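Before any comments, here is the structure.
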Amino acid sequence: MSGVVAGFSVIFIIIAVGYVLGRRDVLGPTGEQVLSRLVFFVATPALLFDSLAHADLSVIFSSTLVVAGGSALLVGLCYLVVARLWWHRAIPEAVIGALASSYVNSVNLGIPIAVFVLGDASFVAPLLLFQIVIYSPIALTAMDLTVLHDRSPAWYAPFVQPFRNPIVLAGLAGLLPAVTGWSLPEALAQPFHLLGGASVPGALLAFGISLNGVRVLKRGESPRRDVALATVLKIVVQPLVAYLIGRYLLDLSGHALLAAVIIATLPTAQNVFTYASRYQRGMMLARDAGLVTTLAAVPAIALGAALLG
Numbered sequence: 001m002s003g004v005v006a007g008f009s010v011i012f013i014i015i016a017v018g019y020v021l022g023r024r025d026v027l028g029p030t031g032e033q034v035l036s037r038l039v040f041f042v043a044t045p046a047l048l049f050d051s052l053a054h055a056d057l058s059v060i061f062s063s064t065l066v067v068a069g070g071s072a073l074l075v076g077l078c079y080l081v082v083a084r085l086w087w088h089r090a091i092p093e094a095v096i097g098a099l100a101s102s103y104v105n106s107v108n109l110g111i112p113i114a115v116f117v118l119g120d121a122s123f124v125a126p127l128l129l130f131q132i133v134i135y136s137p138i139a140l141t142a143m144d145l146t147v148l149h150d151r152s153p154a155w156y157a158p159f160v161q162p163f164r165n166p167i168v169l170a171g172l173a174g175l176l177p178a179v180t181g182w183s184l185p186e187a188l189a190q191p192f193h194l195l196g197g198a199s200v201p202g203a204l205l206a207f208g209i210s211l212n213g214v215r216v217l218k219r220g221e222s223p224r225r226d227v228a229l230a231t232v233l234k235i236v237v238q239p240l241v242a243y244l245i246g247r248y249l250l251d252l253s254g255h256a257l258l259a260a261v262i263i264a265t266l267p268t269a270q271n272v273f274t275y276a277s278r279y280q281r282g283m284m285l286a287r288d289a290g291l292v293t294t295l296a297a298v299p300a301i302a303l304g305a306a307l308l309g
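1 is the number of the first residue of the sequence shown in full-length UniProt numbering; add one for each residue after it.
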């Protein structure tokens, strides 16, 4: 339980600092947008490259990857079906909602909770790889094709567009050293490490700045029904799906099953708000879902640990 408290305390403190910066207008009227773009185009690609370049592929490609990837895709698809077929949401907003309901905060919450609650940070690695190499490219390509093009894209656009996205490129580039065993010289690797260190706090600060002057879940402004659906899917359904996949398809038990469920219960990543800010679509949905799922995840993780631990 101490790991849960410690992990969430870090998040809330940095978000609070961002809120104060926004409240006092320290970074000016465009501070949140500039910071979000810095995180999207520079810091996050550097973090992904640095993380994957040193990854142990034998740990990453495990049953945990199947649980993490399968539960995220199934839950995201559930949101898309409801948002598109029943609520008739536009594709960009539906994609942001799908990410809000299934894209796990695997770095700034996942790592400390994996260390303090599960006793091993490697439990987060498969999920991190899945989100970087598979989930983000799919979602960002959909956003690129539906937001950044005023006319119908060419037939080859879905194949070309991912290679124009800095996050996708960084993830793929980071896999090359991991696969080949080649290491960058320290003088070249260190800049990626330093720049990547700004990704998590930068995203949290931008999120805090966005809370200034707004009321979360405000009637008439916030897409409250969308936020509610994303929250239920993220905090309730995704852990349940992870349990079913792990227990009945992969025959996991004990600590391995506990790890799969706890990781799936982690709240929406602040990356989702960064993506929404980049494309200026679904920002209130990403912001409100990020905050609500973060608050709801505290008792949910504690309950999951008590039931399965």
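We put the CB at the ideal spot given by N, CA and C, even for glycine.
Small disclaimer: the values here were computed from a predicted structure and weren't measured.
Nearest-angstrom Cα distance between Ala-189 and Phe-12? If you number the sequence shown from 1, residue 189 lands on position 189. If you number the sequence shown from 1, residue 12 lands on position 12. So the alpha carbons of these two residues sit roughly 30 Å apart.
So, is Gly-290 buried or exposed, given that buried needs 16 or more other C-beta atoms within 10 angstroms? The count along the sequence shown starts at 1 and reaches residue 290 at position 290. Result: buried.
Pull up the DSSP beta-bridge partners for Val-104, would you. By 1-based counting over the sequence shown, the position of residue 104 is 104. DSSP lists Thr-268 as partners of Val-104.
Alpha carbon to alpha carbon, how far is Asp-150 from His-255? For the purposes of this step, residue 150 is taken as the residue at position 150 of the sequence shown. For the purposes of this step, residue 255 is taken as the residue at position 255 of the sequence shown. Because the pLDDT at Asp-150 is just 49, under 50, the model does not fix this residue reliably, and the value given afterwards should be weighed accordingly. Note on geometry: alpha-carbon atoms of Asp-150 and His-255 lie some 50 Å from one another.
Is the Cβ-Cβ distance between Ala-242 and Val-261 less than 7 Å? In the sequence shown, residue 242 corresponds to position 242, counting from 1. In the sequence shown, residue 261 corresponds to position 261, counting from 1. Yes.
CB of Val-227 within 7 Å of CB of Asp-288, strictly: Translated into the one-based positions of the sequence shown, residue 227 becomes position 227. Translated into the one-based positions of the sequence shown, residue 288 becomes position 288. Yes; because the gap between Cβ atoms is below 7 Å, this pair is in contact.
Might you give, ordered along the chain, the residues of its own chain that have their beta carbon closer than 7 Å to the beta carbon of Tyr-308, omitting 5 neighbours on each side? In the sequence shown, counting from the first residue as 1, residue 308 sits at position 308. For the sequence presented, residue 308 should be read as Leu rather than Tyr. Answer for Leu-308: Leu-257, Leu-258 and Val-261, listed in chain order.
Just to confirm before moving on: does the CB-CB distance between Thr-268 and Ala-100 stay below 7 Å? Mapped onto the sequence shown, residue 268 falls at position 268. Mapped onto the sequence shown, residue 100 falls at position 100. Yes. Within cutoff.
Should Gln-280 be labelled buried (16 or more other beta-carbon atoms within 10 Å of its own) or exposed? As a first step, residue 280 must be located in the sequence shown, where it is residue number 280. The residue in question, Gln-280, is exposed, as its Cβ has fewer than 16 Cβ neighbours within 10 Å.
Three-state secondary structure (DSSP) of Leu-217: The count along the sequence shown starts at 1 and reaches residue 217 at position 217. Coil at Leu-217, not helix or strand.
Going by the CB atoms, is the gap between Ile-132 and residue 348 shorter than 7 Å? As displayed, the chain neither begins before 1 nor continues past 309, which places residue 348 out of reach and without an answer.
Is the separation between the beta-carbon of Ile-167 and that of Pro-45 shorter than 7 Å? The sequence position of residue 167 within the sequence shown is 167, counting from 1. The sequence position of residue 45 within the sequence shown is 45, counting from 1. In terms of Cβ geometry, Ile-167 and Pro-45 form a close pair [threshold 7 Å].
According to the Cβ coordinates, are Ser-106 and Leu-128 closer than 7 Å? The residue labelled residue 106 in the question sits at position 106 within the sequence shown. The residue labelled residue 128 in the question sits at position 128 within the sequence shown. In this structure, Ser-106 sits near Leu-128, with a CB-CB distance shorter than 7 Å.
Under 8 Å by Cβ, that's how I've got residue 323 and Leu-57 pegged, so tell me the actual separation to the nearest angstrom. The structure shown does not extend to residue 323, since the chain is modelled only from 1 through 309, so no value can be given for it.
Inter-stretch contact at 8 Å, needing at least 3 Cβ pairs: the stretch 218-235 / the stretch 24-34: Short answer: they don't touch.
Distance between beta carbons of Gly-76 and Ser-102, contact taken as under 8 Å: Residue 102 sits at position 102 when you count from the first residue of the sequence shown. Residue 76 sits at position 76 when you count from the first residue of the sequence shown. Sure, about 4 Å apart at Cβ, within 8 Å.
Is it buried or exposed, Ala-306, if we count other Cβ atoms within 10 angstroms and call 16 or more buried? Start at 1 with the first residue of the sequence shown, and residue 306 comes out as number 306. Exposed is the call here.
Compute the distance between the beta-carbons of Ala-43 and Ala-198, then report whether it is under 7 Å. Sequence index remark: in the sequence shown, residue 43 carries index 43 (1-based). Sequence index remark: in the sequence shown, residue 198 carries index 198 (1-based). Closer than 7 Å, so yes.
As assigned by DSSP and simplified to three states, the class of His-193: Here residue 193 is taken as the residue at index 193 of the sequence shown, counted from 1. In the structure shown, His-193 sits in a helix (DSSP, three-state: H, G or I).
Closest residue to residue 314 among Leu-48, Trp-87, Ser-36 and Ile-14 (Cα-Cα distance): The first residue shown for the chain is 1 and the last is 309, placing residue 314 beyond what the model contains.
Helix, strand or coil for residue 358, going by three-state DSSP, please let me know. As displayed, the chain neither begins before 1 nor continues past 309, which places residue 358 out of reach and without an answer.
For Thr-141, report the span of its alpha helix (DSSP H) as first-last. Position 141 of the sequence shown, counted from the start, is the residue given in the question as residue 141. Thr-141 -> alpha helix (DSSP H) spans 136-147.
Alpha carbon to alpha carbon, what distance is there between Val-20 and Ile-14? Reading the sequence shown from its first residue, position 14 is the one you call residue 14. Reading the sequence shown from its first residue, position 20 is the one you call residue 20. Distance between the alpha carbons of Ile-14 and Val-20 is about 10 Å.
Is it true that the CB of Leu-250 sits closer than 7 Å to the CB of Ser-63? Walking along the sequence shown from the start, residue 63 turns up at place 63. Walking along the sequence shown from the start, residue 250 turns up at place 250. One thing to note: Ser-63 has its Cβ within 7 Å of the Cβ of Leu-250.
Test item: CB-CB of Leu-295 and Pro-223 under 7 Å: Translated into the one-based positions of the sequence shown, residue 295 becomes position 295. Translated into the one-based positions of the sequence shown, residue 223 becomes position 223. Inclusion of Leu-295 and Pro-223 in the CB contact set at 7 Å is not warranted, their separation being larger than that value.
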